[in-house]
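Student: When the sequence shown is numbered by the UniProt record's numbering, its final residue is 112 and no position is left out of the sequence of numbers.
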Amino acid sequence: MNQIEWNDFSKVELRVGRVLSAEAFPEARKPAYKLQIDFGPEIGIRKSSAQITAHYTAHNLIGKLVVAVVNFPAKQIGPFMSECLVTGFHDADGNVTLCVPEHEVPLGTKLL
Numbered sequence: 001m002n003q004i005e006w007n008d009f010s011k012v013e014l015r016v017g018r019v020l021s022a023e024a025f026p027e028a029r030k031p032a033y034k035l036q037i038d039f040g041p042e043i044g045i046r047k048s049s050a051q052i053t054a055h056y057t058a059h060n061l062i063g064k065l066v067v068a069v070v071n072f073p074a075k076q077i078g079p080f081m082s083e084c085l086v087t088g089f090h091d092a093d094g095n096v097t098l099c100v101p102e103h104e105v106p107l108g109t110k111l112l
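1. Could you compute how far the alpha carbon of residue 126 sits from the alpha carbon of ALA24?
2. Of all the options ASN7, MET81, GLN51, which has the alpha carbon lying nearest to the alpha carbon of LEU112?
3. So within the UniProt domain "TRNA-binding" (8-112), which uninterrupted beta strand (DSSP E) runs reach at least 3 residues, ignoring any that extend past its ends?
4. With distances taken Cα to Cα, identify the nearest neighbour of GLY108 among PRO26, MET1, ILE4, GLU13.
5. What separation, rounded to the nearest whole angstrom, lies between the Cα atoms of ARG46 and VAL86?
6. Please classify PHE72 as buried or exposed, where buried requires at least 16 neighbouring CB atoms within 10 angstroms.
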């Protein structure tokens, strides 16, 4: 494992957002959703593509708090421009489980 300095970690803007909408992304190479996520007034609404279809339906993602990196440059994914990276962990089968706050926190809160 490579060690990093605190300054390296402090550059990553991991923020809490709430999923406003989720829809299938049929053009993606692997099954995915297109998400709109509200990060509060400072950051606003960002779009993301997330390969989380094994554990989540589009319907049960609405209203869910997620943790995402908001300071990566936008990335073109097929016909979709992703503006943030939603975080998660691979389970034993390689499917992604979201990294989420255990309790309600204000939108835009930065991971410490």
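Yeah, the Cβ is synthetic: ideal placement off N, Cα and C, and Gly gets one too.
Tutor: This is what the structure gives:
1. Outside the shown range of the chain, which is 1 to 112, sits residue 126, and nothing can be said about it.
2. ASN7
3. 14-24, 33-38, 45-50, 65-69, 75-77, 80-82, 88-90, 96-98
4. GLU13
5. 11 Å
6. exposed
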